[in-house]
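Basically this note's numbering = 1-based index in the sequence shown + 597.
By construction, the Cβ of each residue, glycine as well, lies at the ideal position given by its N, Cα and C atoms.
Below is one structure; the comments refer to it alone.
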Amino acid sequence: MKKQSIIILFLLATFCIVPVFAQKKTDLAAEIIEFKIIKIPDGKKELFLAAFLRPLLSRKGSVEFDAENQKLNFIDSPNRLKLIKKFTEVLDNSGFRLSDFLAKSAKDKKNISESVRTFYLYPVLWCDVGEEPRLAKLALQENLLVKMLAEIQIKGERYSDLDSIGGINLTGTRKRIVMAKKFVALFDEPILTEADDF
């Protein structure tokens with residue numbers, strides 16, 4: 598009877614318990630993203646990646662760019678990849694050329710201002726005890742949005758009304774504001790919500 602119990606325990610350990618312990622949760626995923634319209638030459642890839650894509654990666658994330666095929670190989674959390682994929686689609690379909698993105702200033706263009714109401718970002722600040730993680734998630738997405746707006750030469754300033762309505766004032770050229778509004782719409786939803794996203 599003891600020998601039979603030992604054999605059963607051995608079989609359980611081999612086929613049931615070991616696989617449970619052997620399973621390791623992977624918090625990273627991979628995604629290949631291809632630019633179809635914008636062409637990024639090899640000599641400009643580092644500048645473009647540093648400006649627009651590396652800031653969107655988490656600490657564990659990485660990106661490699663294949664200039665010949667215009668494909669980007671990303672590894673990061675699933676939520677970061679979701680954000681990056683949508684963001685690159687906005688860039689690719691913006692109507693801008695690479696030189697427009699990398700230009701230091703939009704010369705001889707008249708700036709306009711436009712306010713965009715937000716529903717997730719830029720709320721009227723309030724913080725109850727225990728709300729700190731929520732505010733950290735908001736701050737992460739808000740900071741990423743501000744960085745991306747600065748890269749396309751848009752000045753973004755937060756505003757809030759007494760009616761608990763918040764948003765962002767955008768200042769820049771009309772064409773850049775059109776793209777900036779798409780950035781705001783993208784970041785104005787809870788995307789980076791997991792611990793792995795930080």
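- Contact check between the region 746-757 and the region 766-773: three or more CB pairs, one atom from each, fall below 8 Å, which counts as touching.
- Between the region 683-694 and the region 762-769, the count of C-beta pairs closer than 8 Å stays below three; the two stretches do not touch.
- According to the DSSP secondary-structure assignment, ASN766 is paired through a beta bridge with SER712, GLU754.
- Following the DSSP letters along the chain, one finds ASN676 inside the alpha helix (DSSP H) bounded by residues 675-689.
- Residue range 659-663 is occupied by the beta strand (DSSP E) that includes ASP663.
- With contacts defined as CB atoms closer than 8 Å, PHE671 and GLY658 qualify as a contacting pair.
- ALA782 counts as exposed, since fewer than 16 other C-beta atoms from the protein chains shown sit within 10 angstroms of its C-beta.
- TYR719 is not a Cβ neighbour of GLU786, given a cutoff of 8 Å.
- Looking only at LEU644, ILE634, GLU628, the smallest Cα-Cα distance to ALA700 is reached by LEU644.
- If you look at ALA627, you'll find it isn't in any alpha helix (DSSP H); it sits in the beta strand (DSSP E) that goes 626-631.
- ASP794 is a Cβ neighbour of ARG677, given a cutoff of 8 Å.
- Contact between ILE629 and LYS668 is confirmed by a C-beta separation of about 6 Å, below the 8 Å threshold.
- DSSP, read as helix, strand or coil, puts ILE672 in strand.
- Taking C-beta atoms as the reference points, ILE681 and LEU646 fail to come closer than 8 Å.
- In the structure shown, LEU718 falls within a coil segment according to DSSP collapsed to helix, strand and coil.
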